[in-house]
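Novice: Protein chains in written order, with full-length UniProt numbering: chain A, 1 to 205; chain B, 1 to 205; chain C, 1 to 205; chain D, 1 to 205. Here a beta-carbon is modelled for each residue, glycine too, at the ideal position from N, C-alpha and C. Let me give you the structure first, and then I'll get to my questions.
There are 4 protein chains.
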Amino acid sequence: MTTAPESSSHTGPAIPRGQGGDALSVAAREIFAERGYHGASIRDIAKRAGLSLSALYYWHSSKQELFAGLMEDSVNDYVRTCDAALHACGDDPAERLRALVRATVDYRVRRRVESTIAARDARNLDPVHAQRLAELRESATRLFQDIIDDGARCGRFRCEHPAEARRAIQAACNAIPQWYDPEGDTDPAELADRYVTIALRIVGA
Amino acid sequence: MTTAPESSSHTGPAIPRGQGGDALSVAAREIFAERGYHGASIRDIAKRAGLSLSALYYWHSSKQELFAGLMEDSVNDYVRTCDAALHACGDDPAERLRALVRATVDYRVRRRVESTIAARDARNLDPVHAQRLAELRESATRLFQDIIDDGARCGRFRCEHPAEARRAIQAACNAIPQWYDPEGDTDPAELADRYVTIALRIVGA
Amino acid sequence: MTTAPESSSHTGPAIPRGQGGDALSVAAREIFAERGYHGASIRDIAKRAGLSLSALYYWHSSKQELFAGLMEDSVNDYVRTCDAALHACGDDPAERLRALVRATVDYRVRRRVESTIAARDARNLDPVHAQRLAELRESATRLFQDIIDDGARCGRFRCEHPAEARRAIQAACNAIPQWYDPEGDTDPAELADRYVTIALRIVGA
Amino acid sequence: MTTAPESSSHTGPAIPRGQGGDALSVAAREIFAERGYHGASIRDIAKRAGLSLSALYYWHSSKQELFAGLMEDSVNDYVRTCDAALHACGDDPAERLRALVRATVDYRVRRRVESTIAARDARNLDPVHAQRLAELRESATRLFQDIIDDGARCGRFRCEHPAEARRAIQAACNAIPQWYDPEGDTDPAELADRYVTIALRIVGA
DNA sequence: CATGAATGAGTATTCATTCAT
DNA sequence: TATGAATGAATACTCATTCAT
Chain A
1 MTTAPESSSH TGPAIPRGQG GDALSVAARE IFAERGYHGA SIRDIAKRAG
51 LSLSALYYWH SSKQELFAGL MEDSVNDYVR TCDAALHACG DDPAERLRAL
101 VRATVDYRVR RRVESTIAAR DARNLDPVHA QRLAELRESA TRLFQDIIDD
151 GARCGRFRCE HPAEARRAIQ AACNAIPQWY DPEGDTDPAE LADRYVTIAL
201 RIVGA
Chain B
1 MTTAPESSSH TGPAIPRGQG GDALSVAARE IFAERGYHGA SIRDIAKRAG
51 LSLSALYYWH SSKQELFAGL MEDSVNDYVR TCDAALHACG DDPAERLRAL
101 VRATVDYRVR RRVESTIAAR DARNLDPVHA QRLAELRESA TRLFQDIIDD
151 GARCGRFRCE HPAEARRAIQ AACNAIPQWY DPEGDTDPAE LADRYVTIAL
201 RIVGA
Chain C
1 MTTAPESSSH TGPAIPRGQG GDALSVAARE IFAERGYHGA SIRDIAKRAG
51 LSLSALYYWH SSKQELFAGL MEDSVNDYVR TCDAALHACG DDPAERLRAL
101 VRATVDYRVR RRVESTIAAR DARNLDPVHA QRLAELRESA TRLFQDIIDD
151 GARCGRFRCE HPAEARRAIQ AACNAIPQWY DPEGDTDPAE LADRYVTIAL
201 RIVGA
Chain D
1 MTTAPESSSH TGPAIPRGQG GDALSVAARE IFAERGYHGA SIRDIAKRAG
51 LSLSALYYWH SSKQELFAGL MEDSVNDYVR TCDAALHACG DDPAERLRAL
101 VRATVDYRVR RRVESTIAAR DARNLDPVHA QRLAELRESA TRLFQDIIDD
151 GARCGRFRCE HPAEARRAIQ AACNAIPQWY DPEGDTDPAE LADRYVTIAL
201 RIVGA
């Protein structure tokens, strides 16, 4: 029927006692990314982690909780990355936009896998986690929007449709995990520079 | 909707795509969009179409064929839209980019639902259909890339990283279905104008 | 661990198409009686009915619904039996008590298996069905109590503690399924006569 | 509670029944009563006792042994109660029946919870314990039957169907735990008097 | 064209139990 | 004494699919 070749045997030595939790997180990340939330079976996650199904349930109370934990970790990382970047720079809108784009590119490269999962499977979060994630997403949107609006108002940016500009910039950054190959492509710093240039052009800096 | 006879190799009776067949396509589009390929059950699709499960199997030989038909219809539409737009304009890279962006925005607005499905669930196509879809996707990429490369070479565009420019433009257009609300947002023509502006800025026209 | 020898292979010929529903009710009744609600596995019920697990779910939406259906059928039967018996007799308390005891004994003998299930597993009904069953149970209690109270008031019964009398009579009748063997024991009519005598003695008729 | 060393053959360390062991017995009694043998999980029992699952296995070698211990304790109590009552009275059948009913009512009130468990879940005992329990049950039955038969023979009771009389009396007593509320209902001594009256009427004393 | 009845493989989850410390 | 980590078999239930009519 579907594509995946279903290679289920796990690599590496048997997981040493007491370290099952980490192995599970890694395996879950991989399998959710490969097959999506509904396509991923908890059996296969346990198998790839080198543990029994029951051991998975010792560490995580449900598939949903395992999934939500992954998303939460990752999005908290993004929030921290943005905050740090913006705290370390001045008031100039161009400077601030530069910092925010760099932080975003950095995050999308570092957390390629989780970013892909979030982009495709956020709707499968239970209402409580979905709410939190939506709020954090919106707060990131506001970070971008405030900077662009500010730049447009004070004349630093020549930008007639700031909402579209913001959407274009975020969309461009968010698409990076879809194609970026950490082995073959340009290094993350150079990549960030290029996306900074694109962003500044979009807002008319 | 879906009127073409659609020869997508399957056993059983030929699929005339009338009456029941249409209701099924509509229902399938909605449910695949809401829940994703694995999250959607053909029982629910049949129910929403007001038909029995067995009736669904009269019209479509499998879940996969139903899904692939949807994707195929939609991507063929895109290809035709782009071809028409580019045939109707001259050689100037800016003019051609303008036409291609307009065609893309138009398509993403017209086919919002299928676009969302394709973005999230393309990996669930069986190898044969996945191959075709990938080729068509790549041909669209080439359309963009050729125009941008051309403009950069002849000096019409000031654009040092044409690959990144192309990715940014496509990503911005592709993200439209994620937020665009045909009721409340600006009309498609105005939207296309704005994305044309953004694209021209990105390539430094 | 536990007692049951787990004889799972089903007897008789394969179930003819279209008659699975009845076979399932019979099998469910048997297995719920043998092992209790939680001890009964839906797999074993399907197996004894000569059907697949999935066929069971075609007929019944859940274990709970299958179980509740059984109980509902049976208790409705009791209500009808009592109503008929009381409508067919006059006003004399002794005559009415005689009729009600006879109806109860008759029901406990006819519905031995369901009676046992209800006595042991009523708590496993979901709240909605549990409520209905409790109400019907209480209405039966009231039938007994009204007759006894009436007889005590008008002097036909010499009975100082009518509530205890009623409980004793009901308990005696309800215990019949625990020991009665339709093959070896006295026939139901004779049995009813004996319990009528006991009931009349308890109320001091 | 449960202080006796209780030699119920199991492997592992001897079970001194102190501290943790007691908490477990209490918790087990409650949970088995609430949910039945199969509905009760030893995880929940351990949790309610405030212990880990592994601690439960220190005190009890299996779920079955924990359950059987409860039943054994309780039924031994009944046997002792009956023996004491009958040893303390003379030869008159009415006097002996009075004593036995009083002992039974007393036990059903004192051991309400275990009585309920035994009534519903005796079938879940393993064969060895089930056998012992059945024997003790039968010996109690014989105590009742001998007295009634004796009374009938010597003319003290006017009782044509002594087996039915005995069943009715036992059923009435056994049903007490189903409705008796130690807070709100009559005190046990008064209750016993009323059941003595009922029993004497049933046998025609 | 359409349905009701059935299936076998798969789903997430819970069970009683054990092991190493 | 007690625990945290793990297991294999079972649980109720859903899946895409088929078949006889």
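What number of angstroms, rounded off, separates the C-alpha of Leu51 of chain B from the C-alpha of Thr81 of chain A?
Specialist: Taking the straight line joining both Cα atoms gives about 51 Å.
Novice: Should Ala134 of chain A be flagged as near chain B, meaning a C-beta pair shorter than 8 Å?
Specialist: By this cut-off, Ala134 of chain A is not an interface position.
Novice: Let me make sure I understand the geometry here. Which of B:Ile198, B:Gln145, B:Arg110, B:Asn174 has the alpha-carbon closest to that of Ala165 of chain A?
Specialist: Considering only alpha carbons, the answer is B:Ile198.
Novice: Check for me: the alpha helix (DSSP H) holding Thr116 of chain B runs from which residue to which?
Specialist: Start and end: 112-121.
Novice: Does the stretch 65-73 of chain C come close enough to the stretch 108-121 of chain C to have 3 or more Cβ pairs within less than 8 Å?
Specialist: As far as the Cβ criterion goes, the stretch 65-73 of chain C touches the stretch 108-121 of chain C, which means the pair count is three or higher.
Novice: So, with DSSP's three-state summary, where would you put Leu24 of chain C?
Specialist: Leu24 of chain C falls in the helix class under three-state DSSP.
Novice: If we define contact as Cβ-Cβ less than 8 Å, is Glu164 of chain C a contact residue for chain D?
Specialist: Yes, contact with chain D.
Novice: Determine the closest residue to Asp73 of chain A out of A:Asp91, A:Ser25, A:Asp106, A:Asp83, with distance taken between C-alpha atoms.
Specialist: The residue with the shortest Cα to Cα distance from Asp73 of chain A is A:Ser25.
Novice: Does the separation of the CB atoms of Gly39 of chain A and His38 of chain B fall below 8 Å?
Specialist: Against a cut-off of 8 Å, the Cβ pair of His38 of chain B and Gly39 of chain A comes out as a contact.
Novice: Is residue 238 of chain B close to chain A, meaning its C-beta is less than 8 Å from at least one C-beta of that chain?
Specialist: In the structure as shown, chain B starts at 1 and stops at 205, and residue 238 of chain B therefore has no counterpart that could be examined.
Novice: Among B:Leu56, B:Tyr58, B:Glu138, B:Tyr57, which one has its Cα closest to the Cα of Tyr78 of chain B?
Specialist: Here the closest residue by C-alpha is B:Glu138.
Novice: Does Tyr180 of chain B come out as helix, strand or coil in the three-state DSSP assignment?
Specialist: Coil at Tyr180 of chain B, not helix or strand.
Novice: Near Ile202 of chain A, what residues of its chain come up, given a Cβ to Cβ distance below 6 Å and the 5 sequence neighbours on each side ignored?
Specialist: Counting only Cβ-Cβ distances below 6 Å, and skipping sequence neighbours, we find Ala165, Ala168, Ile169.
Novice: To which residues of the same chain is Pro177 of chain A closer than 7 Å at the C-beta, ignoring the five residues directly before and after it?
Specialist: Counting only Cβ-Cβ distances below 7 Å, and skipping sequence neighbours, we find Arg108, Arg112, Ser115, Thr116.
Novice: Cα separation between Ala172 of chain C and Val75 of chain C?
Specialist: About 18 Å.
Novice: Quick check: is the beta carbon of Cys147 of chain C nearer than 8 Å to any beta carbon in chain D?
Specialist: One point to set straight first is that residue 147 of chain C is Ile, not Cys, in the sequence displayed. Not an interface residue.
Novice: For Val196 of chain B, which residues of its own chain have a beta-carbon under 6 Å away from its beta-carbon, when the five flanking residues on both sides are left out?
Specialist: For Val196 of chain B, where only same-chain residues beyond five positions count, the Cβ hits under 6 Å are Arg98, Val101.
Novice: Using a beta-carbon distance below 8 Å, is Trp179 of chain C in contact with chain D?
Specialist: Output row for Trp179 of chain C: interface = yes.
Novice: Which runs of the beta strand (DSSP E) fall wholly inside the stretch 48-87 of chain B and span at least 3 residues, in chain order?
Specialist: Listed in chain order, nothing qualifies, since the stretch 48-87 of chain B has no complete beta strand (DSSP E) run of 3 or more residues.
Novice: Quick check: the Cα distance between Lys63 of chain C and Ile42 of chain C, rounded to an integer number of angstroms?
Specialist: In a straight line, the C-alpha of Lys63 of chain C is about 7 Å away from that of Ile42 of chain C.
Novice: Anything in chain C within Cβ reach of Ile202 of chain D, meaning under 9 Å, just list it in chain order.
Specialist: The contacting residues are Ala168, Ala172, Ile198, Arg201, Ile202.
Novice: Report the neighbours of Gly36 of chain A on chain B: residues whose CB is nearer than 7 Å to its CB, in chain order.
Specialist: Here the neighbours are Gly36, His38.
Novice: What whole-angstrom Cβ distance do Asp106 of chain A and Ala33 of chain A have, given they're in contact under 8 Å?
Specialist: About 19 Å; that fails the 8 Å criterion.
Novice: Give the secondary structure of Tyr195 of chain A by DSSP, where H, G and I count as helix, E and B as strand, and everything else as coil.
Specialist: In this structure, Tyr195 of chain A counts as helix in the three-state DSSP scheme.
Novice: Within 8 Å of any Cβ in chain B, is that where the Cβ of Arg194 of chain A sits?
Specialist: For Arg194 of chain A, the answer is yes, since a Cβ of chain B falls inside 8 Å of its Cβ.
Novice: Applying the criterion that 16 or more other CB atoms from any shown protein chain within 10 Å of the CB defines a buried residue, is Thr3 of chain D buried or exposed?
Specialist: With a pLDDT of 34 at Thr3 of chain D, under the threshold of 50, the predicted position of this residue should be treated as unreliable, though the coordinate-derived value follows. Exposed.
Novice: Beta-carbon within less than 7 Å of Phe144 of chain A's beta-carbon, same chain only, minus the 5 sequence neighbours each way: which residues are those?
Specialist: Once the five neighbours on either side are set aside, the close Cβ partners of Phe144 of chain A are Leu100, Arg166, Ile169, Gln170.
Novice: Closer than 6 Å by C-beta to Pro13 of chain C: which residues in its own chain qualify, once you throw out the five before and the five after it? Chain order, please.
Specialist: Model confidence at Pro13 of chain C stands at a pLDDT of 45, short of 50, so the residue's coordinates are unreliable and nothing is read from them.
Novice: What are the residues in the stretch 92-109 of chain B lying within 8 Å of chain A by C-beta distance?
Specialist: Within the stretch 92-109 of chain B, no residue qualifies.
Novice: Mapping DSSP to helix, strand and coil, what is Gln145 of chain D?
Specialist: In the structure shown, Gln145 of chain D sits in a helix (DSSP, three-state: H, G or I).
Novice: Using Cβ-Cβ distances below 9 Å, what residues of the stretch 110-132 of chain A are close to chain B?
Specialist: Under the 9 Å Cβ criterion, the stretch 110-132 of chain A contributes Ala119, Arg120, Asp121, Arg123, Asn124.
Novice: Do Ala27 of chain D and Ala49 of chain D have their C-beta atoms closer together than 8 Å?
Specialist: A contact, by the Cβ cut-off of 8 Å.
Novice: Using a Cβ cut-off of 8 Å (strictly closer), state whether Thr3 of chain C contacts chain D.
Specialist: With a pLDDT of 37 at Thr3 of chain C, under the threshold of 50, the predicted position of this residue should be treated as unreliable, though the coordinate-derived value follows. Output row for Thr3 of chain C: interface = yes.
Novice: Roughly how many angstroms lie between the CA atoms of Tyr57 of chain C and Asp44 of chain C, to the nearest whole one?
Specialist: Spanning the two alpha carbons is a distance of roughly 13 Å.
Novice: Is any beta-carbon of chain B found at less than 8 Å from that of Ala205 of chain A?
Specialist: Answer no: the Cβ-Cβ gap between Ala205 of chain A and chain B never drops below 8 Å.
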